[in-house]
Every structure is written in C-alpha cells, then in structure tokens.
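Heads up, the thing below is written out as structure tokens.
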Amino acid sequence: MRITAVTGQLISTPFGYGAPAGPGGNLHLRDMDTLLVRVETDAGLTGWGEGFGFTLAATTGQALATLLAPACLGEDPRDIPALLRKLHRRFHNFGRNGAMSFALAGLDIALWDIAAQAAGLPLHALLAKEMLGGALPQGAVRRRVPAYASLLRYGDPAAVARNTAEAIARGYRAIKLHEVDLACIAAARAVAPPEVPLMLDINCAWDTVAAASDFCRAASLGNIRWVEEPLWPPEDFAGIAAVRDAAHRAGGPAIAAGECLGDPLTIGAMLAAGAVDVVQPSVTKLGISGMLAVHELAARHGVAMVPHSPYFGPGLLATLHLLAAAPLAGPLAEEPLEVYFADLDRPPYPALVPRDGFVAVPQAPGLGLALDPAALDQPGPA
Ligand SMILES: [Mg+2]
235 MRITAVTGQL ISTPFGYGAP AGPGGNLHLR DMDTLLVRVE TDAGLTGWGE GFGFTLAATT
295 GQALATLLAP ACLGEDPRDI PALLRKLHRR FHNFGRNGAM SFALAGLDIA LWDIAAQAAG
355 LPLHALLAKE MLGGALPQGA VRRRVPAYAS LLRYGDPAAV ARNTAEAIAR GYRAIKLHEV
415 DLACIAAARA VAPPEVPLML DINCAWDTVA AASDFCRAAS LGNIRWVEEP LWPPEDFAGI
475 AAVRDAAHRA GGPAIAAGEC LGDPLTIGAM LAAGAVDVVQ PSVTKLGISG MLAVHELAAR
535 HGVAMVPHSP YFGPGLLATL HLLAAAPLAG PLAEEPLEVY FADLDRPPYP ALVPRDGFVA
595 VPQAPGLGLA LDPAALDQPG PA
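Here it is, written out as structure tokens:
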C-alpha cells in the first residue's frame, strides 16, 4: 500500500457557549476552527486526522501542505513507527512543538485510522491489542466513556454558575473550569452537587511557586479533583513539582499538566521530576503513537492519564477510542473524555455529543464515524 495524497482542509463553524462571544465577551474565539488531515492510498482506504488547532489551525495547515504532504507521497502507510520516525527526523529543525509537529500528529491519527480499517477493526480494538500485547480479553474495552464538561472561560460568577447548572442538567458528572478568580470557582462549587468533582484549569496563570501554591490552597473548596497547569512556564518541571509537594502537604488538590508539551520524551522528563498526579497529553499534538508512548510512561510512573481534547474533529474521536481501549488496570482505565462545553452550529461529528454524561464508542472499522457533509461543505475561516 502507498500514500497517494495528503491534504488539509480547514473547516470553521460559529458556536455558542452560554455567554457573549467576541467584543464585549470574555473569549478570544469567534468561531471554532478545525484542521482536518486526509490521507489517501492506492488501496482505496482513506484516513482522517486532525492537527492542533484553534487559531493556529491555518498555520498548521500551511506546514502540512508545503512541507509534510509532499514528503509522504509514495510512502508505505502500514509501518507507522518507521514512517513517523523518518518524518520527525526530516523536519525536526522546524519545530518539535508547534505547527510542524502538530501536522505530523494529524498525519499519525490518519495513518492509525487506515491501519484499523485495513485490519477490519474499530480503532479502539486495534489500540487495545497494542496496549495488551496482542490479547483482547473480555471487558478490555469500554462501549461508552464518561465525558467531563470543559467549560470555557467566563470570568463572571453568574455566567459560571449558569453554565455549571446547564452542564449538570445535560448529565455531566464532572466539570472543569477555566477560571482563576476564586469567586467564579466558588460560584460553580455552590451550584454543582458535592459529589460532582470540579477540575480547575488555570492555563499557567502564576509566575511563582508561592503564588501557585497559595492559589491551590485557596481554591480547595471541596471535591477539587485537580488544579491544571498552575505555573508558568509549562516546562518548569521542578517548579510544578514544588507546587505539587506543597499541595500534597496541605491535603490540597492533585496537580495536572502536559497539554503544552510536544513529545513523549519531554513528558517523560516531567513525570520523572514528580511534577504531576495526572498527565494530559494531546493527540492533535502527539498523534496516537505519542499517546501510546505516554500511556506507557504514565503506567511506569504510577500517574493517571486524562487526555487533553477540547476539539471536535478526528482528534476528539481518536481520544475517545484511546479511552475506550484502556486496559482495565491502566492509567486511562476509568478516565473521562474532555468535551469542550460549546454548541457548534455544524459539528464535524454530530454523534459525538454526550448523552446523560456518556459518549458512545463507534463500533465500525477505523475511527468509525463519517464526517458530516454539512461540516465539510463549509468554507474555512476568512
Ligand atoms: Mg488545559
């Protein structure tokens, strides 16, 4: 089998998130952009992937179109490790954590889609075989995966309370906030039932270990599962480890991070530094191959793995399969899927909307869902 074409397609859709967008709102996103990566083969199989993302999607698409796509033509898509190793080496000087590596991640996802289709298996079954070394015992895969609502940033306690209540009403049983303001966090805690854990993603808000540790202490308002990315910069593993130590000593929240790291080696260094309780790799940055490598690292270091997936295309679907494939005792085993709390006018996969807090795992070969024609027809961002 040979690769005959690699193409990127940028799609864009308006969305609602329970607060005003654009000027006057608290959000920099006006539309939700997705970079689709399509890989065609001479065997008639077509795979889909997604490269990170948001307002960078067009730039990732440029790296794909001008550098990566021509290098893939005529290559054998079946030996994914060999092809990805070759391409990562070829382009390593152009960014090991940025548009170039995100384009490679999109390619990697599409190749796994093709591999699963060629095997006649849904992607999660192929991944479970990978993780379990070939065996696939009963109960090794999940047919549905719980979702957690990942609320966008509102910066307003009333809006946070309103959207937390809406997420609960929709059936979510875990909620992540992107708020730093304690009044906003308290507003969510007051609305969510005590048994519903909150996760606090503060996107590297603090510059010092002391300030981040103070935040962790002050934000411990009951059933906080983790504080995510407490410290700037995200590569300050010793600093994050110090925040974690302080939090543990205070009986405070677990620490999570990993979405800003571009390769498994760097994530391994973070784990070796004892920086986190929960590692959060992103499939649109690492590809499925990178996620499998992080899964091994997480198992070795005894930390939980909850992937970063606030996107809506093949990256979200691939993450769902990965979570479904989790071996029963592994770091992913009971973990939820991150679902961005936004209602897209034209979602790429309408079937991926959670019902009663769960997302059903597709059972058809490969990624197992077709992209919605209405989403594919739309033009990319202007
Ligand atoms: Mg995050």
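To get the numbering used here, take the position in the sequence shown, counting from 1, and add 234. Virtual Cβ for every residue (Gly too), placed ideally from N, Cα, C.
Q) Leaving out the 5 sequence neighbours to the left and right, which residues in its chain are closer than 8 Å to Ala401 when beta-carbon positions are compared? A) Here Ala401 has Ala383, Leu385, Ile409, Phe575 as same chain residues with Cβ atoms under 8 Å from its own Cβ, once five neighbours each way along the sequence are excluded.
May I ask you to verify whether the segment 238-257 touches the segment 522-529, counting CB pairs closer than 8 Å and requiring at least 3? Judged by Cβ distances under 8 Å, the segment 238-257 makes no contact with the segment 522-529, as fewer than three pairs qualify.
### Query
Does the distance from the C-beta atom of Met266 to that of Leu554 stay below 8 Å?
Judged by beta-carbon spacing, Leu554 lies beyond the 8 Å limit of Met266, meaning their Cβ atoms are not closer than that value.
- Which value, in whole angstroms, describes the spacing of the CA atoms of Pro315 and Gly600? In a straight line, the C-alpha of Pro315 is about 18 Å away from that of Gly600.
Next on the checklist: Does the contact criterion of 3 or more C-beta pairs under 8 Å hold for the segment 333-348 versus the segment 528-538?
Outcome noted: Counting Cβ pairs under 8 Å, fewer than three are found: no touch.
Roughly how many whole angstroms lie between the Cα atoms of Ala567 and Asp606?
Their backbone Cα atoms lie some 30 Å apart in a straight line.
Would Pro582 and Thr268 qualify as a contact pair, given that the criterion is a beta-carbon distance under 8 Å? In contact: Pro582 and Thr268 (Cβ atoms closer than 8 Å).
Looking at C-alpha atoms only, which residue of His412, Glu462, Leu244 is the closest neighbour of Arg272? Arg272 has its Cα closest to that of Leu244, out of His412, Glu462, Leu244.
Sufficient close CB pairs (3 or more, under 8 Å) joining the segment 329-345 to the segment 512-519: Between the segment 329-345 and the segment 512-519, the count of C-beta pairs closer than 8 Å reaches three or more; the two stretches touch.
Problem set entry | DSSP three-state assignment for Gly492, whether helix, strand or coil | In the structure shown, Gly492 sits in coil (DSSP, three-state: anything other than H, G, I, E or B).
Buried or exposed, going by whether 16 or more other CB atoms sit within 10 Å of the CB of Gly278? So Gly278 ends up on the exposed side.
**Prompt:** Is it the case that the Cβ atoms of Val394 and Leu411 are separated by a distance below 8 Å?
**Reply:** For Val394 and Leu411, yes; Cβs fall inside 8 Å.
Rounded to whole angstroms, how far is the Cβ of Val595 from the Cβ of Arg404, which I believe are closer than 8 Å?
Contact between Val595 and Arg404 fails: their C-beta atoms lie close to 19 Å from each other, not under 8 Å.
Q: Using only the heavy atoms of ligand 1, determine whether one of them is closer than 7 Å to the beta carbon of Glu493.
A: Result yes, Cβ under 7 Å from ligand 1.
In this structure, what does DSSP give as the bridge partners for Ala239?
Note: Ala239 is bridge-paired with Glu274 in the DSSP secondary-structure output.
Discussion item. Rounded to the nearest angstrom, what separates Pro431 and Gly252 at their Cα positions?
Written reply: If I take the Cα positions, the gap works out to 21 Å.
- Using DSSP with H/G/I as helix, E/B as strand and the rest coil, what is Arg376? Arg376 falls in the coil class under three-state DSSP.
**Study point:** Leu345 in three-state terms, based on DSSP
**Key:** In the structure shown, Leu345 sits in a helix (DSSP, three-state: H, G or I).
(request) Pull up the CB-CB distance for Val477 and Leu465, whole angstroms please, since I reckon it's below 8 Å. (result) Going by Cβ atoms, the distance from Val477 to Leu465 rounds to 6 Å, so yes, they are a contact pair.
Same chain, Cβ closer than 8 Å to Phe328, neighbours up to 5 away in sequence not counted: Hits under 8 Å: Ala297, Leu301, Met334.
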